[in-house]
Amino acid sequence: MIQQIVFLVLLIGFSALFTVNIRQIKKNINLGKDVDRSSNSKARWKEMIRVALGQSKMVHRPIAGFLHILIYVGFVIINIEVIEIIIDGVFGTHRVLSFLGPVYGFLIGSFEILAALVLISCVFFLTRRNIMRIPRFWSKEMKGWPKTDANLILLFEIVLMFAFLLMNASDSLLVAMNSSYYTVEFSTPISQYFIPLIGHLSEVNLILIERASWWFHIIGILAFLNYLVVSKHLHIILAFPNTYYSNLESKGKFANMDSVTNEVKKMLDPNIDPFAITDDTTPERFGAKDVKDLSWIQLMNAYSCTECGRCTSECPANQTGKILSPRKVMMDVRDRVEVVGKGIKKEGEGFDDGKSLLDSISIEELWACTSCNACTEACPINIDPLSIIVDLRRYLVMEESAAPMELNNIFNNIENNGAPWQFSMSDRLNWKDE
Amino acid sequence: MSQLIVPTMAELMAKGEKADVLFWVGCAGSFDDRAKKITKAFVKLLNKANVKFAVLGTEESCSGDPARRSGNEFLFQMQAMSNIEVMNAYEVQKVVTACPHCFNTLKNEYPELGGKYEVVHHTQLLKELLDDGKLTIEGGSFSGKKITFHDPCYLGRANDVYEAPRELIQKLDAELVEMKRCKAKGLCCGAGGAQMFKEPEKGNKDINIERTEDALEVKPNFIATGCPFCNTMMTDGVKNKEKEEDIQVLDIAEMIAQAQNL
Ligand code: SF4
Ligand code: SF4
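Right, dumping it as structure tokens:
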């Protein structure tokens, strides 16, 4: 009975905490500007199923992709077990799903095999991240928390899988002992190898191990859920909405700024006196200086980023030693929206710490981008770092007139003679007779 | 060399005629000495295939691509709207261009501002002409040569056009060799996003050198391009590697024209 109460308290407590945390993230994402991505839901479902569920872009790097799918499938399927744990926990039953009979035994057996595969994959990933010097895991932005975060999760998965297997091993030993509570038989393709380790223990100790693993497993999962919100592992949830709301248009098409269209139309229309109209369609800012100037899609992108660095490793600027890293752009946006979100929570809408995104993303990074779309192509969950880079450039150019000098020259040329170079428009057809 | 026939939209209109397709030449194609050769080669092919086309001539202005990529949305939209006004006045239906940047901008970004046309890249039009039997392609001096194609970002990744240029190259009776990074994974030449017009940021290498190294790895006789800016970047890269004796950088239109001594 006490066990059940403790269980319920934990379950409700952690779930409530999780709800609060997710609500805050949703609020933070909604700090972004509205954009409409509701059309074409059929294509959106398809994209989500293909890219998030089917992980179609992960396998572009076959080994990592395959192991990632193993962990992912393992994680999802083994979590079916969690349903049972929750029912058992609340009602004080033991292995309640065992009424399934032989199917149950088979299920547990396959969970064990998956658990073993997940274990192996995690060990491989840990080695790869920490021993093999793969450049994308060693860049500047991965120092400190991001690196710890990645390792923590892998270690955590390993421990969790061990607990699961240990629980089954002790349980099956208790069954063999005809211990009163333990009556459900199931297959133990993997956990049987743990038996030499604990086979000599007394019934009481085995029960202790079984219970401890059980509690560890469920508390671990509840804690994991709440850990997600500060981790790159939020992608296991956000990858789905993120791919659903993917940009479905040609990658080369940049979002039109309607606010500018209004202004330009006014300028081009000879019948309107541009100084005579005052309307409120003019936005307070052209382009993006801070997270609130970005769209909610871009902010959701930032929260979804897995920090895998595939974008950065394909980026031509990054490959040739420039400081631009599209992954860092995404991480900076997430860090900043966290700060702004917390600030607003504390101080209200007017929160202003005198800082902006441009304090973490430098001008040098922004101007190094060739707008080649290699990053968006590489991203396994369709994140678009380029759109953020362009919005920040828009702010620099239109609000601060802070384009590099050479670009200011081409702007002048285009404006005055319709070409980025200093040629006269009247010479435009000269090539014909040259 | 026979005289190029390049009517302008205005001339045709004065005669009460209309072009089937507008050839959008672009700034590089109009003013850059290297790119002008591509423009002329393409016109030769259009003339040979008897395509009823016209150019805007002095009425054409920068598409606005470099302005938009570098964040000057005002300038971009000014350019776009005045170009659209001109094209709509001529009731343009179809546009062809040899510049992937103009191609992308006109195709994807003009519609929202009122310019709705069928826009194709010159390799796509050439492929169409070939399929319709209006154009023949022979190998000539390219027969049996090794050619590698550098995908322009704004043709490939941005618009998913990968096959038209490749099919044309294969028609040259040449061996098409792919670089290790090609198609969707093709590496940028370094010119996009208005980088063409400025010094690169501090780094340890220029992007065009990195890309030229990709090309050199497959030991081609020719590097084929489909973009005037890629062409410049790759030509500079080949020079930097002192390989200009062995490797020529040519636009696909130039190759097809040269193969038949046009
Ligand atoms: S679009 Fe910009 S940030 Fe993205 S890969 Fe290309 S150069 Fe790098
Ligand atoms: S943006 Fe995409 S590719 Fe880049 S680190 Fe994040 S998840 Fe990976």
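Protein chains in written order, with our numbering: chain E, 46 to 479; chain P, 165 to 426. Glycine is no exception: its CB is placed at the ideal position from the N, C-alpha and C atoms. Given the structure is predicted, the values throughout are model-derived calculations rather than measurements.
Just mark E/Leu219 as buried or exposed, buried being the case when its beta carbon has 16 or more other beta carbons within 10 Å. Here residue 219 of chain E corresponds to residue number 174 of the first sequence, with the count starting at 1. By the neighbour-count rule (16 or more Cβ atoms within 10 Å), E/Leu219 is buried.
Do the stretch 212-229 of chain E and the stretch 183-193 of chain E meet, that is, are 3 or more Cβ pairs less than 8 Å apart? no
beta-carbon E/Ile203 near ligand 2 non-hydrogen atom, thresh 7 Å: Locating residue 203 of chain E in the first sequence gives position 158, counting from the first residue. For ligand 2, not one heavy atom lies less than 7 Å from the Cβ of E/Ile203.
Using a beta-carbon distance cut-off of less than 7 Å, what residues from the stretch 227-257 of chain P approach chain E? Pro230, Ala231, Arg232, Arg233, Ser234, Gly235, Asn236, Glu237, Phe238, Leu239, Gln241, Met242, Gln243 and Met245
Could you have a look at E/Phe468 and say whether DSSP puts it in helix, strand or coil? Within the first sequence, numbered from 1, the residue matching residue 468 of chain E stands at position 423. In this structure, E/Phe468 counts as coil in the three-state DSSP scheme.
Nearest residue (CA-CA) to P/Lys369, options E/Lys367, E/Met93 and E/Ser215: Against the second sequence, residue 369 of chain P aligns to sequence position 205. When each option's Cα is compared against that of P/Lys369, the closest is E/Lys367.
Relative to ligand 2, is the shortest distance from any of its heavy atoms to the C-beta of E/Thr351 smaller than 7 Å? What you label residue 351 of chain E is simply residue 306 of the first sequence in a count that begins at 1. The answer is yes for E/Thr351.
Identify the residues that DSSP records as bridge partners of P/Ala388: which are they? Looking up residue 388 of chain P in the second sequence gives position 224. P/Phe313 and P/Leu414.
Residues near P/Ile411 in its chain [Cβ-Cβ closer than 8 Å; skip 5 each side]: The residue you call residue 411 of chain P lines up with position 247 of the second sequence. Once the five neighbours on either side are set aside, the close Cβ partners of P/Ile411 are Ala379, Leu380, Pro384, Asn385, Phe386, Ile387 and Val402.
Taking only the alpha-carbon atoms, compute the straight-line gap between E/Ala333 and P/Lys407 and give it to the nearest angstrom. Counting from one through the first sequence, the residue named residue 333 of chain E turns up at place 288. Counting from one through the second sequence, the residue named residue 407 of chain P turns up at place 243. So the two alpha carbons sit approximately 44 Å from each other.
Using a C-beta to C-beta distance shorter than 7 Å, which residues of chain E count as neighbours of P/Ala297? Sequence index remark: in the second sequence, residue 297 of chain P carries index 133 (1-based). Here the sequence assigns Gly to residue 297 of chain P, which means Ala is not the residue at that position. Simply none; closest approach about 28 Å.
Give the interface partners of P/Thr389 over in chain E, defined as CB-CB distance under 9 Å, in chain order. Mapped onto the second sequence, residue 389 of chain P falls at position 225. The premise fails here: P/Thr389 is roughly 15 Å from chain E at the closest Cβ pair, so nothing lies under 9 Å.
Option nearest E/Trp341 by Cα separation, candidates E/Gln48, E/Ile67 and E/Asn73: Along the first sequence, read from residue 1 onward, the residue named residue 341 of chain E stands at position 296. With distances taken between Cα atoms, E/Trp341 lies closest to E/Asn73.
Which same chain residues, not among the five before or five after E/Ile254, have their C-beta less than 6 Å away from its C-beta? In the first sequence, the residue the question calls residue 254 of chain E occupies position 209. The residues are Ser215.
For E/Leu56 and E/Gly137, what's the separation of their Cα atoms in angstroms? By one-based count along the first sequence, residue 56 of chain E stands at place 11. By one-based count along the first sequence, residue 137 of chain E stands at place 92. Roughly 14 Å between the two C-alpha positions.
Examine ligand 2 and report whether any of its heavy atoms sits within less than 7 Å of the Cβ of E/Pro361. The residue you call residue 361 of chain E lines up with position 316 of the first sequence. No, ligand 2 has no heavy atom inside 7 Å of this Cβ.
Beta-carbon separation (whole angstroms), P/Gly221 vs P/Thr172, contact threshold 8 Å: Translated into positions along the second sequence, residue 221 of chain P becomes position 57. Translated into positions along the second sequence, residue 172 of chain P becomes position 8. 4 Å between Cβ atoms; contact.
Less than 8 Å between CB atoms is the rule here; does E/Leu339 satisfy it with respect to chain P? Counting from 1 along the first sequence, the entry for residue 339 of chain E is found at position 294. Chain P, which has no Cβ nearer than 8 Å to the Cβ of E/Leu339, makes this no.
Please state the DSSP three-state secondary structure of P/His265. Your numbering for residue 265 of chain P matches position 101 in the second sequence. Three-state DSSP puts P/His265 in a helix.
State yes or no: is the beta carbon of E/Pro191 nearer than 8 Å to at least one beta carbon in chain P? Looking up residue 191 of chain E in the first sequence gives position 146. Not closer than 8 Å to any Cβ of chain P, the Cβ of E/Pro191 fails to qualify, so no.
Quick one: does E/Tyr417 have its CB under 8 Å from some CB of chain P? If you number the first sequence from 1, residue 417 of chain E lands on position 372. In the sequence on display, residue 417 of chain E carries Cys and not Tyr. Judged by the 8 Å Cβ criterion, E/Cys417 is in contact with chain P.
Find the residues of chain P that neighbour E/Gly366, judging by a C-beta separation of less than 7 Å, and give them in chain order. Here residue 366 of chain E refers to the residue found at position 321 when the first sequence is read from its first residue. Here the neighbours are Gly367, Asn368 and Lys369.
If you follow the alpha helix (DSSP H) that E/Glu29 is part of, which residue opens it and which one closes it? The displayed coordinates of chain E run from 46 to 479. Any statement about residue 29 of chain E would go beyond what the structure contains.
Could you check if E/Val80 is buried or exposed, using at least 16 other CB atoms within 10 Å of its CB as the buried criterion? Indexing the first sequence from 1 puts residue 80 of chain E at position 35. Classification of E/Val80: exposed, given that the 10 Å Cβ count is below 16.
When every heavy atom of ligand 3 is checked, does at least one fall within less than 7 Å of the C-beta of E/Leu339? Only ligand 1 and ligand 2 can be found as ligands here, which leaves ligand 3 out of the picture.
If you compare alpha carbons, which of P/Leu299, P/Arg375, P/Glu331 and P/Glu255 is closest to P/Leu426? Within the second sequence, residue 426 of chain P is the residue found at index 262, counting from 1. Looking at the Cα atoms, P/Leu299 is the closest of the given residues.
For the beta strand (DSSP E) containing P/His285, name the first residue and the last one. Numbered from its first residue, the second sequence carries residue 285 of chain P at position 121. Glu282 to His285 is the span of the beta strand (DSSP E), which, as asked, contains P/His285.
Might you give, ordered along the chain, the residues of its own chain that have their beta carbon closer than 8 Å to the beta carbon of E/Ala502, omitting 5 neighbours on each side? Since the first residue of chain E shown is 46 and the last is 479, residue 502 of chain E is not available in this structure.
Which residues bound the beta strand (DSSP E) around P/Trp188? Numbered from its first residue, the second sequence carries residue 188 of chain P at position 24. Unbroken beta strand (DSSP E) run through P/Trp188: Val185 to Trp188.
Continuous alpha helix (DSSP H) assignments of at least 4 residues falling wholly in the stretch 48-101 of chain E: 86-93
Give me the residue from P/Gly390, P/Asp415 and P/Asn372 with the minimum Cα distance to P/Lys405. Within the second sequence, numbered from 1, the residue matching residue 405 of chain P stands at position 241. The residue with the shortest Cα to Cα distance from P/Lys405 is P/Asn372.
E/Glu460 at chain P interface by Cβ criterion, 8 Å: Stepping through the first sequence from its first residue, residue 460 of chain E is reached at position 415. Yes, because at least one Cβ of chain P sits closer than 8 Å to the Cβ of E/Glu460.
Would DSSP call P/Glu339 helix, strand or coil? Counting from one through the second sequence, the residue named residue 339 of chain P turns up at place 175. DSSP places P/Glu339 in strand when its eight states are reduced to three.
Using only CA atoms, which one of P/Asn268, P/Phe238, P/Lys280 and P/Ile420 lies nearest to P/Val250? In the second sequence, the residue the question calls residue 250 of chain P occupies position 86. Closest option to P/Val250, Cα to Cα, is P/Lys280.
Does the distance from the CB of P/Cys352 to the CB of E/Cys417 come in under 8 Å? One-based indexing of the second sequence puts residue 352 of chain P at position 188. One-based indexing of the first sequence puts residue 417 of chain E at position 372. A contact, by the Cβ cut-off of 8 Å.
Can you pull the chain P residues whose beta carbon is under 8 Å from the beta carbon of E/Ala448, in chain order? Here the question's residue 448 of chain E lines up with position 403 in the first sequence. Those are Ser234, Gly235 and Asn236, listed as they occur along chain P.
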